[in-house]
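Residue numbers (the numbering used here): 10 to 300.
C-beta atoms are modelled at their ideal positions from N, C-alpha and C, and glycine is treated no differently.
Report on the structure given below.
Written out as structure tokens, the structure reads:
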């Protein structure tokens with residue numbers, strides 16, 4: 010009887026979630042796959058013309074999409090490194106004997122609570138007014154200027170803002186991992202005369218691999234899927250130099266009315282992100298250490 014009661018409770022609580030997941034994720038995904046085989050402008054009154062795999066073949070000739078692929082890959086590479094380095098550095102700092110550790114955690118985590126659109130507009134002001142003013146005052150106008158209007162710097166501005174947003178969230182994951190390291194292992198290493206760097210390299214980093222797995226997965230997937238900050242900070246400009254995957258797909262569907270072609274891009278985008286993130290999880294999982 011207790012087993013039957015538990016089963017009933019499981020069904021009661023999981024069924025609504027499964028229903029929402031199927032309705033919001035699975036069904037739209039399947040409809041998107043269906044549309045990717047058609048040429049259609051999104052207007053219900055207009056016919057859908059079946060083109061098979063032509064939309065997928067046409068992707069390789071879309072120079073703008075290929076350019077956004079390269080930009081997204083470069084952005085993701087830079088963002089994953091910067092977010093995890095900064096997040097881990099903050100985690101090590103606030104878990105040390107720092108008097109303002111709690112305040113520091115709060116201040117670093119706060120940017121993550123700000124919506125991506127608002128965040129982009131805030132940093133627009135910083136790059137336009139604050140950076141320009143600093144450049145005039147210090148004379149370093151070759152560094153402090155409006156990065157958003159420079160093709161060579163706009164992508165780095167996006168990386169900077171994304172790092173500022175995500176580092177606090179990743180810091181919390183690393184803090185949980187650091188606090189989960191057994192104290193007796195650390196104390197034993199101190200007794201054996203291990204230096205701080207040796208403890209960090211031989212104990213902390215290996216035992217933090219589960220946190221690395223989660224953090225890398227989150228930053229990889231978030232960087233690949235970035236849209237809101239991309240929209241509000243640069244809008245894909247200047248001259249489409251910061252148009253990422255998600256923005257290119259959105260513009261194709263809702264800007265140009267190419268629903269079938271846009272859905273083909275979205276399907277390819279899904280499988281690329283899934284393949285990369287699953288590979289990352291597989292590799293880092295193999296390096297995890299049993300405690």
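Beyond the five residues adjoining it in sequence on each side, residue 132 comes within less than 7 Å, by CB distance, of 170 and 242 in the same chain, given in chain order.
Under DSSP, residue 58 takes part in a beta bridge, and its partners are 48. Here residue 111 is exposed. Its C-beta has fewer than 16 other C-beta atoms within 10 Å. The continuous alpha helix (DSSP H) containing residue 147 extends over residues 140-147. Here the alpha carbon of residue 124 sits roughly 40 Å from the alpha carbon of residue 59. DSSP, read as helix, strand or coil, puts residue 252 in coil.
Residues 218 of the same chain have their beta carbon placed closer than 7 Å to that of residue 296, with the five preceding and five following residues left out of the count. Out of 121, 208, 177 and 26, the CA that lies nearest to the CA of residue 96 is found in 177. In the DSSP annotation of this structure, the continuous segment of the alpha helix (DSSP H) that includes residue 131 starts and ends at 125-134. Contact between residue 74 and residue 274 holds, since their C-beta atoms are separated by about 6 Å, short of 8 Å. Contact between residue 254 and residue 72 is absent: CB atoms are separated by about 15 Å, not below the 8 Å threshold. Secondary structure of residue 115 (DSSP, three-state): helix.
Taking residue 267 as reference, the option from 216, 101, 51 and 161 with the minimal CA-CA separation is 51. Selection 47, 90, 77 and 222 evaluated against residue 65 yields 47 as nearest (Cα-Cα).
Secondary structure note for residue 208: its alpha helix (DSSP H) is the uninterrupted segment 205-208. Non-local C-beta neighbours of residue 87 in its own chain, meaning closer than 7 Å and more than five positions away in sequence, comprise 168, ordered along the chain. Going by DSSP, residue 150 is part of no alpha helix (DSSP H) at all; its letter is neither H nor E.
Cβ neighbours of residue 269 within its own chain (closer than 8 Å, five residues either side excluded): 44, 45, 46, 47, 48, 49, 57, 60 and 64.
Contact between residue 294 and residue 213 is ruled out by a C-beta separation of about 19 Å, above the 8 Å threshold. Pairing residue 144 with residue 153 gives a Cβ-Cβ distance under 7 Å. Residue nearest to residue 118 within the set 70, 184, 54 and 23 is 184 (criterion: CA-CA distance). Pairing residue 150 with residue 250, the inter-Cα distance amounts to about 22 Å.
With contacts defined as CB atoms closer than 7 Å, residue 174 and residue 259 fail to qualify as a contacting pair. Assignment of residue 108 by DSSP, reduced to helix, strand and coil, places it in the coil class.
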